[in-house]
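Undergrad: In my numbering, the protein residues as written are 19 to 56.
We put the beta carbon where it would ideally sit given N, CA and C, even for glycine.
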């Protein structure tokens, strides 16, 4: 039971890191595109 919970938590953390990392990269890309346009 505890091992399953720990594995579930690790999976959620991995998904959170991927999503936050993707959002950060997207924000950087939009920022660079905006600077390039101006």
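Tell me the DSSP secondary structure of residue 56 in three-state form.
TA: coil
Undergrad: Could you check the C-alpha separation between residue 27 and residue 56 for me, to the nearest Å?
TA: 43 Å
Undergrad: Could you tell me the alpha carbon to alpha carbon distance between residue 48 and residue 32, rounded to whole angstroms?
TA: 24 Å
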